[in-house]
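Below you can see the structure in the form of structure tokens.
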């Protein structure tokens with residue numbers, strides 16, 4: 027009988043290769059998995075429950091967080107706050123290393139350039155966007171018209187609401203949604219743990235479980251110089267999650283690629299990922315070389331190195347999954363099924379089938395341009411990036427709003443200015459070192475006759491150009507940047523600042539590459555993606571969530587340990603384990619602990635849970651996401667995934683294979699705040715409401 | 027340059043497929059790896075150092091131990107002492123569950139039937155054995171002559187020395203050694219931990235690391251009613267091993283099969299291992315079914331279940347290694363190399379090459395007999411085994427010493443009697459349950475017309491035969507056994523005890539099968555094995571240690587953590603980790619701890635090391651082996667291996683693949699003795715000398 031059932035299940039799987047797995051999906055709030063929640067967890071949240079969760083889930087730079095008091099208090103990860111913290115640190119006040127706690131509100135430190143936003147409301151604008159695109163004479167013209175219509179929608183909305191309005195594409199262009207966001211730009215640091223407590227185990231324990239990391243921080247948003255009122259906060263759970271309990275995770279997963287076609291995946295596997303790896307390795311090594319000069323240099327380079335190491339480890343896992351022929355065969359089977367189903371409906375087939383061919387053709391031409399696209403930039407230097415942004419800004423601002431690059435459209439200019447004028451420290455020696463390392467590698471990869479290299483270096487050596495540009499530029503001073511930003515296009519065009527002249531020289535090359543890519547790849551992807559999405563809707567209905575793209579999503583799953591090799595991995599870890607791992611490695615880096623924690627060991631209730639795992643479908647960007655129980659209480663902060671989940675960019679990995687998200691336990695955070703950080707004020711604020 | 031070196035190393039590997047890996051080998055004391063020690067660890071032990079280690083390494087039933095005081099005190103694992111402890115336990119005094127500590131010498135409890143021996147001296151007798159075998163007219167006759175000569179050597183030695191003299195075959199018969207052993211038969215229990223402390227994590231954490239087990243016990247050997255004098259004891263290290271330190275492990279590894287031919291390995295892979303798995307699973311399930319009846323039944327069945335679970339987990343790992351085509355191809359390449367080298371020396375080739383063909387032929391005929399050989403026995407019942415031994419004993423004793431089955435020869439009769447007459451408890455209900463389960467499975471596998479089934483059951487149902495035999499037998503009483511042992515062959519032949527009559531019925535079938543196997547397989551193996559061993563000596567020299575076969579060996583390696591997935595596994599664990607794992611699973615079985623340990627948590631210095639890993643080449647039977655530093659001090663007790671090492675029966679697994687032996691740390695044992703077991707007397711004895 028059991029065999030019959032298993033056979034039946036296998037048949038089901040074969041005829042319906044796109045069936046959702048348990049706990050799969052990063053869902054939009056307009057289409058939450060209500061059916062799965064009810065069936066699997068007997069959970070039926072009200073509209074109010076969902077609205078409150080959405081409004082309590084602010085977007086942080088590159089990641090997520092959660093409002094945890096009515097007074098603008100946000101909980102997130104240390105590694106999410108790390109860029110803010112690093113910018114507030116100096117050689118003599120190293121908050122990254124030493125952590126921080128503001129005993130009073132007056133002690134909270136204002137971040138130089140952070141922006142935090144909340145998704146206030148949303149609206150489906152697919153029809154309007156596609157109607158405009160439909161008037162285009164060809165793919166490129168349609169692309170221009172689509173883009174212009176989006177700019178118009180954003181501008182109208184911004185004008186009428188005062189909110190940051192962004193049109194978001196879902197299902198590779200199958201849907202367009204207008205997202206209206208409230209923005210907070212006065213962000214202050216309330217509390218952060220020492221990096222070595224948050225990142226205990228370093229790169230080794232990253233994507234590893236069991237794990238023992240105090241990866242948390244608290245920020246507060248202000249309005250008019252006072253803590254912002256955030257009535258839609260979530261309560262903090264004192265006890266945290268139980269084994270087997272349902273949890274919901276909301277946040278901003280960065281990017282998945284589960285709906286890509288086989289042609290797109292092949293490109294990723296054979297060209298895109300290896301090239302990306304090369305780029306990130308170059309960036310990492312550039313920082314590493316600088317960090318080796320001394321402890322202060324290591325401090326400056328630290329956050330960047332950590333970020334690239336993290337990205338590289340994830341990319342390696344993703345690529346490992348992609349090169350596995352069994353995984354790839356499954357993707358081919360899925361695509362074949364969709365196209366076979368389509369073929370049975372000739373009307374649809376005629377309309378949609380050409381999309382695959384056009385995508386395949388676009389990707390055929392991409393490899394020969396890929397290295398140029400990847401290496402023709404100066405992102406390794408913040409000063410060079412600023413120069414380039416100033417030059418491009420003036421070119422773009424001269425155009426009507428809807429014809430500009432998306433990031434220079436009116437709706438995004440406030441954020442752009444905040445970033446450009448940030449008073450965050452810039453370290454010229456590091457800039458020089460990393461930009462030089464990058465330019466040498468670009469020269470090696472592209473060759474001396476490449477247009478970007480010609481423009482950047484001419485006949486000079488990289489040393490000569492980079493040294494002069496970094497040493498003589500005045501762009502380190504925010505008032506200089508402000509003058510150039512607010513000055514005329516002419517002023518930037520006449521500037522003799524050597525970093526600006528470098529930026530002016532490379533601008534036409536970078537622009538040409540970008541336009542080649544938009545015309546030959548992005549526009550084709552938008553047109554074909556939209557068709558394939560509609561084909562998928564026609565065949566399977568709207569049962570799959572769209573790929574993640576840094577917008578607000580909701581995931582769910584159970585708190586649950588798993589099998590690994592021949593043993594069991596527990597659903598939670600405790601402070602006992604932190605000290606075991608610390609001492610097992612004789613307190614050696616990266617398993618050393620800050621002295622404050624070693625000193626307070628006997629004060630801590632070591633049986634308190636520290637980290638825990640759950641089956642929710644998450645990915646990079648979900649860092650700092652609240653892990654919420656069915657009462658809407660925060661039981662933890664998402665901060666990592668385990669090894670088994672690393673390749674989930676391209677497909678959901680079933681929980682039976684041991685894939686898990688990893689969170690910091692809410693009770694562990696309270697215990698640490700009380701016993702290690704003596705942050706009674708913060709504990710009171712978290713627990714009194 | 028690096029590439030050239032790598033290529034060169036690859037070539038080296040290709041031309042010399044039998045090259046030893048780092049830290050490989052379970053070496054005999056007559057041929058220790060002095061060269062490797064000097065080259066790799068700059069370690070040059072004296073003869074006295076080696077002699078002392080040998081004399082301090084007693085053989086325990088199925089495993090190993092170490093003398094740790096001049097007064098006969100032996101340290102070993104709880105799971106090694108478990109069979110002794112189980113026999114000393116009753117429903118009302120469950121030492122397995124509760125542990126034990128004898129506060130005074132008078133409290134030490136005498137084991138019913140344990141035998142402990144020490145290898146006093148040894149001598150190479152290959153020439154004498156082979157000379158005798160050389161007079162044989164054919165393979166079978168040679169086998170008989172070889173066997174008779176061995177019996178004669180053992181008897182002569184026993185008579186002249188009073189020691190237990192055994193001739194041991196090494197290199198599948200390439201060498202024969204006379205081992206002279208001093209035997210202690212008065213063994214007393216001094217201290218043992220609770221099984222749940224020793225086997226914390228149960229079968230899940232078996233063959234797992236990081237691990238947190240207090241797997242230790244202390245026994246004492248007595249002579250003439252007083253603690254035996256054991257001047258060759260080893261000192262106990264108070265601090266234990268350091269990261270990277272050399273350690274040496276001496277003990278009695280049970281069995282490896284690294285020198286088997288491809289034909290032999292194929293048989294293991296395709297027939298032998300699956301059949302062995304079937305047998306052990308049957309034995310395990312029989313006990314499990316009984317254990318489910320209640321806690322007292324579970325107590326009775328516990329040690330057996332634990333032993334079969336352990337064997338099954340190891341067998342599964344071994345078989346996983348063997349079915350891996352890459353591993354198998356390596357074995358084929360090794361054999362091909364040996365035969366290719368031989369082929370270059372026609373003299374040797376003529377002499378030795380036929381050995382492979384004769385072995386292959388012998389194994390061709392084995393599969394059709396395998397199920398009969400595996401299932402035609404009554405080992406599932408101790409009472410039935412006793413009956414069978416009594417019947418066989420009288421048949422064998424009627425023959426001259428050198429013609430008997432090896433286990434009934436004079437040199438081994440003392441041990442045989444100790445076992446047979448043991449007053450260890452026998453549980454009739456368990457006997458009935460497990461024997462019945464076994465007979466039903468044997469009936470299912472062999473069919474009703476099989477000779478063993480016909481002899482055992484005739485036309486009766488298994489229930490009828492088994493119930494009557496177990497319920498009516500008097501063999502539970504050791505005095506009854508003694509009378510039958512010391513009585514005449516006629517007395518056993520006339521006994522109407524239904525267990526004895528069952529044994530008499532199956533005896534001819536079992537004997538016929540055994541003789542078939544000896545003639546068609548074992549004798550061929552001995553003859554061919556000896557030839558292949560000599561061929562190997564001729565081609566490669568005596569650079570490889572022989573396969574393990576439960577005789578004294580010495581292994582070595584470094585204390586060393588390893589990489590696993592993308593993280594690091596530490597070289598040691600601490601008591602912190604024990605409580606982390608306990609609480610991570612909410613103190614649930616099998617991660618629960620005895621109340622005594624939970625109660626004393628705050629007394630323990632939790633930073634004390636508990637378990638640790640090292641690269642030494644060990645296998646089942648090395649349990650309880652001392653792990654010794656270069657000063658000859660005990661730094662730990664070997665008790666497990668990790669997953670990565672599971673298939674090392676068939677080949678050495680390099681430490682770079684993460685294979686490790688696992689030991690209990692000497693400092694952890696001292697801390698537990700002091701703080702948990704309050705065994706100050708024992709601590710004093712361990713540390714005062």
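Protein chains in written order, with this note's numbering: chain A, 27 to 715; chain B, 27 to 715. C-beta atoms are modelled at their ideal positions from N, C-alpha and C, and glycine is treated no differently.
Tell me whether residue i sits in a helix, a strand or coil according to DSSP, three-state version.
| i | result |
| --- | --- |
| residue 217/B | strand |
| residue 334/A | helix |
| residue 699/A | helix |
| residue 478/B | helix |
| residue 253/A | strand |
| residue 619/B | coil |
| residue 206/B | strand |
| residue 1/B | Shown here, chain B extends from 27 to 715; a query on residue 1/B therefore has no answer. |
| residue 693/B | helix |
| residue 714/B | coil |
| residue 28/A | Any reading at residue 28/A is ruled out, since the residue's pLDDT is 42, under 50, leaving its predicted position unreliable. |
| residue 705/B | coil |
Relative to the C-alpha of residue i, which residue among the options is closest?
| i | options | result |
| --- | --- | --- |
| residue 228/A | 336/A, 256/A, 315/A, 473/A | 336/A |
| residue 631/A | 697/A, 346/A, 692/A | 697/A |
| residue 607/B | 633/A, 367/A, 614/A | 633/A |
| residue 435/A | 422/A, 519/A, 446/A | 422/A |
| residue 624/A | 609/A, 315/A, 672/A | 609/A |
| residue 306/A | 381/A, 464/A, 350/A | 464/A |
| residue 481/A | 296/A, 282/A, 402/A, 182/A | 402/A |
| residue 543/A | 201/A, 394/A, 135/A | 394/A |
| residue 83/A | 515/A, 145/A, 205/A | 145/A |
| residue 549/A | 63/A, 381/A, 181/A | 381/A |
| residue 48/B | 67/B, 57/B, 55/B | 67/B |
Buried or exposed: where does residue i fall if 16 or more other Cβ atoms within 10 Å of its Cβ makes it buried?
| i | result |
| --- | --- |
| residue 705/B | buried |
| residue 742/A | Outside the modelled stretch of chain A, which goes from 27 to 715, sits residue 742/A, for which no answer is possible. |
| residue 122/A | buried |
| residue 231/B | buried |
| residue 294/A | buried |
| residue 184/B | buried |
| residue 70/A | exposed |
| residue 109/A | buried |
| residue 519/B | exposed |
| residue 449/A | exposed |
| residue 615/A | exposed |
Taking 7 Å as the cut-off, is the beta-carbon of residue i closer than that to any non-hydrogen atom of the ligand ADP?
| i | result |
| --- | --- |
| residue 340/A | This structure simply doesn't include the ligand ADP, nor any ligand for that matter. |
Could you give the C-beta distance for residue i and residue j, rounded to a whole number, given that I count them as a contact under 8 Å?
| i | j | result |
| --- | --- | --- |
| residue 106/A | residue 576/A | With a Cβ gap of about 14 Å, residue 106/A and residue 576/A do not count as contacting. |
| residue 669/B | residue 644/B | Their Cβ separation, rounded to whole angstroms, is 14 Å, which puts residue 669/B and residue 644/B out of contact at 8 Å. |
| residue 212/A | residue 259/A | At roughly 18 Å, the Cβ-Cβ gap does not stay under 8 Å, so residue 212/A and residue 259/A are not in contact. |
| residue 267/B | residue 662/B | 6 Å |
From the DSSP output, read off the bridge partner residues of residue i.
| i | result |
| --- | --- |
| residue 653/B | 275/B, 662/B |
| residue 126/A | 218/A |
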